[in-house]
Each structure stands twice: as C-alpha cells, then as structure tokens.
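Visitor:
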Amino acid sequence: MFQLINKVKEINPLVLHYTNEVTINDCANITLAIGASPLMSYSYEEVEEIVSISNSVVINIGTMNSSHLDLFVKAGIAANKYNKPVILDPVGVFATKTRSEFTSRLLNEVKFDVIKGNISEIKHIGGFDVRGKGVDSFDNEEDISDIIKKVSKKLECVVVATGKVDLITNGEKVIKILNGTSKLKSITGTGCMSASLIGSYLGASKDVLGCAAMGVITMSLSGEIADTENPSIGSFKESLMNSVYDLTEDKLKELSKIDE
Numbered sequence: 006m007f008q009l010i011n012k013v014k015e016i017n018p019l020v021l022h023y024t025n026e027v028t029i030n031d032c033a034n035i036t037l038a039i040g041a042s043p044l045m046s047y048s049y050e051e052v053e054e055i056v057s058i059s060n061s062v063v064i065n066i067g068t069m070n071s072s073h074l075d076l077f078v079k080a081g082i083a084a085n086k087y088n089k090p091v092i093l094d095p096v097g098v099f100a101t102k103t104r105s106e107f108t109s110r111l112l113n114e115v116k117f118d119v120i121k122g123n124i125s126e127i128k129h130i131g132g133f134d135v136r137g138k139g140v141d142s143f144d145n146e147e148d149i150s151d152i153i154k155k156v157s158k159k160l161e162c163v164v165v166a167t168g169k170v171d172l173i174t175n176g177e178k179v180i181k182i183l184n185g186t187s188k189l190k191s192i193t194g195t196g197c198m199s200a201s202l203i204g205s206y207l208g209a210s211k212d213v214l215g216c217a218a219m220g221v222i223t224m225s226l227s228g229e230i231a232d233t234e235n236p237s238i239g240s241f242k243e244s245l246m247n248s249v250y251d252l253t254e255d256k257l258k259e260l261s262k263i264d265e
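Here our numbering is used: the first residue of the sequence shown is 6, the next is one more, and so on.
(1) Do the segment 197-207 and the segment 219-239 touch if we need at least three Cβ pairs shorter than 8 Å?
(2) According to DSSP, is N123 helix, strand or coil?
(3) Looking at Y87 and S46, is the spacing between their C-beta atoms short of 7 Å?
(4) What are the partner residues of I263, as DSSP defines its beta bridges?
(5) What does DSSP give as the partner residue(s) for I64 in the beta ladder?
(6) Please name the residue in E229, E53, Y206 whose C-alpha comes closest to that of I92.
(7) Does DSSP put I192 in a helix, in a strand, or in coil?
(8) From the DSSP output, which residues share a beta bridge with I174?
(9) Could you check the C-alpha separation between V213 and G122 for me, to the nearest Å?
(10) Let me confirm a value: R110 is counted as buried when at least 16 other C-beta atoms fall within 10 Å, else exposed. Which label applies?
(11) First and last residue of the alpha helix (DSSP H) that includes M224?
(12) Using a Cβ-Cβ cut-off of 6 Å (strictly less than) and excluding sequence neighbours within five positions of D141, which residues of its own chain qualify?
(13) Using the rule of at least 16 other Cβ atoms within 10 Å of the residue's Cβ for burial, across every protein chain shown, is K128 buried or exposed?
(14) Any idea if Y23 is buried or exposed, counting beta-carbon neighbours within 10 angstroms, 16 or more meaning buried?
(15) Can you name the start and end residues of the beta strand (DSSP E) that L44 belongs to?
(16) Does DSSP classify T101 as helix, strand or coil?
(17) With a threshold of 7 Å on Cβ separation, who are the neighbours of I149 within its own chain once the five nearest residues in sequence on each side are excluded?
(18) In the structure shown, what three-state DSSP assignment does L37 receive?
(19) Can you check which of these residues, S210, K158, K102, is closest to V179 by C-alpha distance?
(20) Check D148 in the structure and name its three-state DSSP category.
(21) Looking at the structure shown, is E51 part of a helix, part of a strand, or coil, going by DSSP?
(22) Where do the ends of the alpha helix (DSSP H) carrying A83 lie?
(23) Nearest by alpha-carbon distance to V78: which of G208, V52, I238 is it?
(24) Hey, C162 and D134: beta-carbon distance below 7 Å or not?
(25) Residues in the same chain with beta-carbon distance under 6 Å from I16, minus the five sequence neighbours each way, listed in chain order, please.
(26) Given P18, which residues of its chain have a CB within under 6 Å of its CB, disregarding the five upstream and five downstream residues?
(27) Rounded to the nearest angstrom, how far is the Cβ of V62 from that of L21, given a contact under 8 Å?
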C-alpha cells in the first residue's frame, strides 16, 4: 500500500475539484504537495470536457448553494460515464435540511467510490441518529466500526470516518489509522485536504480501499510529523504542507501506525 505514493508522483494524476470555497487554495496546494495536479472548477458548461480528461473527481459540499446542486450532480454523472473515481465529502450534512436533501440527491444520482466525513456525517448519510453540531462532531461510542461497515455496504462504496482514530472500510475489512495530532483540528480545511489526498491516490490506482487509507495516513502522519516541535498554529500549517511534500515510502513504512 505504501508504494502508492510513488505511483502518484510518477503518474501526476489530474484531480478535478468541485470543492469548498473556504479551503480551495489549501486543497490545490496539498494536491501539488503529494505529487498530483489540481484542477478547480465551478463551470457548468465545461463539466463533460474536463471530467473526461481528469483522473479523479472530488465533490465537497462545504460551501454549497442552489447553483451547485445541478453542477455537482452533472459532474458526478459524467465521472461515472467516463469511469473516473469520485470522492464525496459531505461537510456538515446533518446540520440543515437543505444539506441533507442536497446530499441525498447526490447519493441517488451518482455512484461514489469513496465517501469521507467525520463519524456524525457518516452516521447521518447512513440513516443513523446523530448527536453534534457543525462540521466537527464527536461520538461517545467506543466502537464505530460496525456502523461504518453498515454504511459502506448500504452505499456500496469505501467509507472513511475521521476522528481521534481514523477508520476506513469497504464493508468487510476495517483499517484503523492511529497517527495524528490534535492540532489538525486547530486549522480549517484538513478534512477537505484529506479528500484531495484521497483523490490524488485514486487518480493513480484502482485500489480504492488502499487509496482511501493512504490519503488518510498521509494527512494524519504528516500532521504528527509537523507537530514534532510543538509549533504555533501558523507554523504548524506551513510545516504540515512541507511534511506532505517530503513524505516518502520509507517514512510511511517506518512511522505509520495502522491496525488492520
């Protein structure tokens, strides 16, 4: 699995983003840092053309509005048509009825390869009860593996649930990522950037579970490395980007903490 980082740098996949306007620059830069090429778009007219030339598509509803729904659906349908892997980041899906209905239409009309969110977002789209506010939520249950496996089977895709321990599943196997630092919650956009990293790996390989896990490991481990000397938050963000850029297969093998 760790060798996938070399494939990204070798292939330099084009990762098309329909993403959060708050974090769009960070998503573009993290994509470059891992060795892929970002393409950011909100143009309805060019969807068919740019999806066809892309290697993967990331859809993030963080700053959704009424004009985005048809655009995101069209992009997802085009990705399915051209056999391009699609990642959904349903940011804050449980926060409002509008977000929930927006996401339901996406799930009804588009076949996603990976859905990434915090546990509350994943529970909501799977039809489970949710407790929490905003885009960062916490769950008191000790073991959420069964929940995300059920969601994965229901939606027929790989599911990523981020938290203190990050979980990735294809409905059967669950991968737990134990790397990370609390500082990743202190800057906005690390979740969005994780989706970009997953998209970067998926643009270079058909191993969906492995690519999803690698995207999460890359962010969690890079955050851990960036926090080694306990920098202030501005320096941490800069160091995070540098750590992603400097990450190698050997570092991943040496420092990753994975429970499979």
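Where is the CB? At the ideal position from N, CA and C, for every residue including glycine.
Guide: In short, the structure shows the following:
(1) Segments in contact, yes.
(2) It is a strand residue.
(3) Cβ distance not < 7 Å, so S46 and Y87 don't count as in contact.
(4) I182
(5) Y23, L93
(6) Among E229, E53, Y206, the Cα nearest to that of I92 is on Y206.
(7) coil
(8) According to the sequence provided, residue 174 is Thr. The question's Ile does not apply to it. Partner(s): V164, V179.
(9) 16 Å
(10) exposed
(11) 213-231
(12) Confidence is the limiting factor: at D141 the pLDDT is only 44, short of 50, which leaves the residue's position unreliable and the question unanswerable from this model.
(13) buried
(14) buried
(15) 42-45
(16) coil
(17) Excluding sequence positions up to five before and after I149, its CB lies within less than 7 Å of the CB of I124, A166, L172, all in the same chain and listed in chain order.
(18) Three-state result, L37: helix.
(19) K158
(20) If DSSP states are grouped into helix, strand and coil, D148 belongs with coil.
(21) coil
(22) 71-86
(23) V52
(24) no
(25) A209
(26) Taking C-beta separations shorter than 6 Å and ignoring five residues to either side along the sequence, the partners of P18 in its chain run A41, N60, G208, A209, following chain order.
(27) Sure, about 5 Å apart at Cβ, within 8 Å.
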